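Enquirer: To start, I am sharing the structure in question, which I have written as C-alpha cells.
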C-alpha cells in the first residue's frame, strides 16, 4: 500500500473549502488524471482515472463526512484499491489548511515503479496546488453538500 499526505493553506473560509470538496464532479478541474467522478447517491461515487496511460475505474463509498471537518472514502470495487481522507483546519476567518491523505495499491509494473520513485507524491502535491488556485480564483464553492455520514460502529 502506498500512502501520500499533503497539506495546503487556502485563502478562503473553512466552509468554502469544505463545500468545494463535496463537489466530486469538479475534481477533474484540479486533479490531474481524474477523468470523471459521478455521484451515484449521497455516499457512493464512480471514478474514472487515467494515469500513466492506464485507465482505471472504481466505485467508492464515503465512509465518514462531517461538515467543515473531514471527508473520508474507500473504494468498494473496480480496478483500484484506494482510500483517502481530507481534513479541514480553520486558521482564521479567511484561511483554511486542507490536508489530504491517500492510500492506494499500485497495480502493475508502471504504477509500482511510479510509486517507488515518488511520482504519486508529486502528483498529490500538484493537485493540492491546483485545488488552491481553483478555489481562490473562484472565491466560492461550485456547490455544497452539508450532510453528515458516520462509519457504522463509530
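Residue numbers (full-length UniProt numbering): 1 to 154. Built from N, CA and C at the ideal position, the CB exists for glycine as well. Just so you know, these numbers come straight off a predicted model, no measurement behind them.
Output the boundary residues of the beta strand (DSSP E) element that contains residue 72.
Expert: Segment 70-78, the beta strand (DSSP E) holding residue 72.
Enquirer: Compute the Euclidean distance between the alpha carbons of residue 11 and residue 90, then round it to the nearest angstrom.
Expert: Each residue's alpha carbon lies about 11 Å from the other.
Enquirer: Note down, in chain order, each residue of its chain lying with its Cβ closer than 7 Å to the Cβ of residue 58, except the 5 sequence neighbours on either side.
Expert: Once the five neighbours on either side are set aside, the close Cβ partners of residue 58 are 47, 75, 77, 78, 79, 80, 82.
Enquirer: Per DSSP, residue 123 forms a beta bridge with which residues?
Expert: Answer by DSSP bridge pairing: none, since residue 123 is not bridged.
Enquirer: DSSP on residue 47, reduced to helix/strand/coil?
Expert: Strand.
Enquirer: Can you tell me whether DSSP reads residue 17 as helix, strand or coil?
Expert: If DSSP states are grouped into helix, strand and coil, residue 17 belongs with the helices.
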